Amino acid sequence: MNDPGVTRVAVYIDFDNIVISRYDQVHGRGRFQRDKVRGFSRADKSADPDVADKLRRATVDVGVVIDFASSFGTLVLTRAYADWSAPVNADYRGQLVSRAVDLVQLFPAAAYAKNGADIRLAVDAVEDMFRLPDLTHVVIVAGDSDYIALAQRCRRLGRYVVGVGVAGSTSRSLAAACDELVTYDALPGITPTGASQQPAARKAGAQADGEEPGGAPATRKSRRTKRSAAAVTDEADLDSEDPQELATRLLERALRLGQEKDDADWLHSSEVKSQMRRMDPSFNERALGYRSFSDFVKSREAVAELDEVNHGRLVRLNPALTAQ
Numbered sequence: 076m077n078d079p080g081v082t083r084v085a086v087y088i089d090f091d092n093i094v095i096s097r098y099d100q101v102h103g104r105g106r107f108q109r110d111k112v113r114g115f116s117r118a119d120k121s122a123d124p125d126v127a128d129k130l131r132r133a134t135v136d137v138g139v140v141i142d143f144a145s146s147f148g149t150l151v152l153t154r155a156y157a158d159w160s161a162p163v164n165a166d167y168r169g170q171l172v173s174r175a176v177d178l179v180q181l182f183p184a185a186a187y188a189k190n191g192a193d194i195r196l197a198v199d200a201v202e203d204m205f206r207l208p209d210l211t212h213v214v215i216v217a218g219d220s221d222y223i224a225l226a227q228r229c230r231r232l233g234r235y236v237v238g239v240g241v242a243g244s245t246s247r248s249l250a251a252a253c254d255e256l257v258t259y260d261a262l263p264g265i266t267p268t269g270a271s272q273q274p275a276a277r278k279a280g281a282q283a284d285g286e287e288p289g290g291a292p293a294t295r296k297s298r299r300t301k302r303s304a305a306a307v308t309d310e311a312d313l314d315s316e317d318p319q320e321l322a323t324r325l326l327e328r329a330l331r332l333g334q335e336k337d338d339a340d341w342l343h344s345s346e347v348k349s350q351m352r353r354m355d356p357s358f359n360e361r362a363l364g365y366r367s368f369s370d371f372v373k374s375r376e377a378v379a380e381l382d383e384v385n386h387g388r389l390v391r392l393n394p395a396l397t398a399q
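Numbered continuously in the numbering used here, the sequence shown closes out at residue 399.
And the structure:
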């Protein structure tokens, strides 16, 4: 039997919705269809390099979305709905599979037609509400007004509903139907449009080459717009990276999420560690050569500060990073 105090989260991603909305946000409304991005393949020798560059600049960081969802509790299921045979979606498969996302295949009836993700996603979500009565939170990653009825039904069934959408493509009515709605641009680790593209110099490690700028200015909390970009990593290449650098970035993301969720600078170290384990269950400070989590945090002074004076150990993001 599950602990009644534990929050359990289900995540549903309308992947086409997010990818198309993000592309149109970065390059202009309707550009996804006009550029014929759905059938675009980087592997094609005749592929337009301009479209390839546009896709790179409009890449969606799925890891940031999943990390945000994990801040509400334990992820018990994560599903992404799309036509995964389309090259634009297939490019994300490695990243999604590495985060244990269940890929639900949908076939469009015709080219550029809707693939029915909204109907399939809604049916699955409502079924899960009854099949898994211990679910406490539902995260809907889509901004379409088609999901208003789903959000209302989940709330009526006693779940806390969180919406994640792209600024400019998210229905105001959907926001009203959710308990909480945040734009993709406001998530920790995403740089708002117009912000400096230069990553902050820090000991925590360099930004990955694939990092993309965020969209419109954040609306959830003003200090999100001052946040420096967290390092973005291609999840498919994690095994080849330095475990110490990965752990450093994991710590930074956990601290940023904790600050945004609790609106507090200092966080209990046990909460920070739990958040890190939710984002990456393989995290273990002993495997990295540290006797305790406190020793691990102390070794990351460029990213975090540890307060052991007060009762209980408290951790906060280095103020030098918070102020940027």
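Note that CB positions come from ideal geometry on N, CA and C, so glycine has one too.
This one's a predicted model, so the numbers in the text were calculated from it and none came from an experiment.
Legend entry - Contacting residues, own chain, Cβ-Cβ under 6 Å from GLU255 (five flanking each side not counted): VAL237
Inset, instruction - Ignore the nearest five residues each way along the sequence and tell me which others in VAL390's own chain have a CB closer than 6 Å to its CB. - result: LEU342, SER344, VAL347, VAL372, ALA379 and LEU381
Legend entry - Rounded C-alpha distance that separates LEU171 from PRO263: 19 Å
Inset, instruction - Taking ALA58 as part of the alpha helix (DSSP H), name the residues at either end of that continuous run. - result: Past the boundaries of the shown model lies residue 58; the chain is included only from 76 to 399, so the question cannot be answered.
Legend entry - Residue range of the unbroken alpha helix (DSSP H) whose run includes LEU325: 318 to 337
Inset, instruction - Determine the DSSP secondary structure at THR397, reduced to helix, strand or coil. - result: helix
Legend entry - GLU41 (DSSP reduced to helix, strand or coil): Because the chain in this structure spans residues 76 to 399, residue 41 falls outside the shown range and cannot be described.
Legend entry - C-beta contact flag for THR153 and ALA175 at 8 Å: yes
Inset, instruction - Would you tell me roughly how many angstroms separate the C-alpha atoms of PHE205 and ARG195, rounded to the nearest one? - result: 16 Å
Legend entry - Alpha-carbon to alpha-carbon, TYR98 and ASP125: 13 Å
Legend entry - Simplified DSSP state of VAL307, which is helix, strand or coil: For VAL307, the predicted model reports a pLDDT of 34, less than 50, meaning its position is unreliable; a value from the coordinates is still stated below. Residue state, collapsed to three classes: coil.
Legend entry - ASP199, DSSP secondary structure in three states: helix
Legend entry - 6 Å Cβ shell around THR437 - same chain, five flanking residues per side excluded: This structure gives no information on residue 437, because the portion of the chain shown stretches from 76 to 399.
Inset, instruction - Answer with buried or exposed for ALA293, where buried requires no fewer than 16 other C-beta atoms within 10 angstroms of its C-beta. - result: Because the pLDDT at ALA293 is just 39, under 50, the model does not fix this residue reliably, and the point stays unresolved.
Inset, instruction - Determine the direct distance from the alpha carbon of GLY240 to that of THR258, and round the result to whole angstroms. - result: 5 Å
Inset, instruction - Could you pull out every residue in the same chain whose Cβ sits closer than 7 Å to the Cβ of GLY280, ignoring the five residues on either side in sequence? - result: In this prediction, GLY280 has a pLDDT of 39, which is less than 50 and means its spatial position is unreliable; nothing more can be read from the coordinates.
Legend entry - Closest residue to ARG83 among ALA224, SER145, VAL139 and ASP128 (Cα-Cα distance): SER145
Inset, instruction - Please confirm whether ALA127 and LEU210 have their CB atoms less than 8 Å apart. - result: no
Inset, instruction - Compare the beta carbon distance of VAL94 and VAL163 with 8 Å and say whether it is the shorter of the two. - result: yes
Inset, instruction - Just grab the DSSP bridge partners of TYR87 for me. - result: ARG154 and ILE215
Inset, instruction - Return yes when at least one heavy atom of the ligand ATP lies under 7 Å from the C-beta of ARG106, else no. - result: Ligands in the displayed structure: none, and consequently the ligand ATP is not present.
Legend entry - LEU392 burial status per 10 Å Cβ neighbour count (16 or more: buried): buried
Legend entry - C-beta contact flag for TYR156 and LEU130 at 8 Å: no
Legend entry - beta strand (DSSP E) runs wholly inside the region 344 to 370, at least 3 long, in chain order: none
Inset, instruction - Please go through the same chain and pick out, in chain order, the residues whose beta-carbon is closer than 8 Å to the beta-carbon of TYR365, but skip the five residues on each side of it. - result: PHE371 and SER374
Legend entry - Segment limits, beta strand (DSSP E) that includes LEU178: 177 to 180
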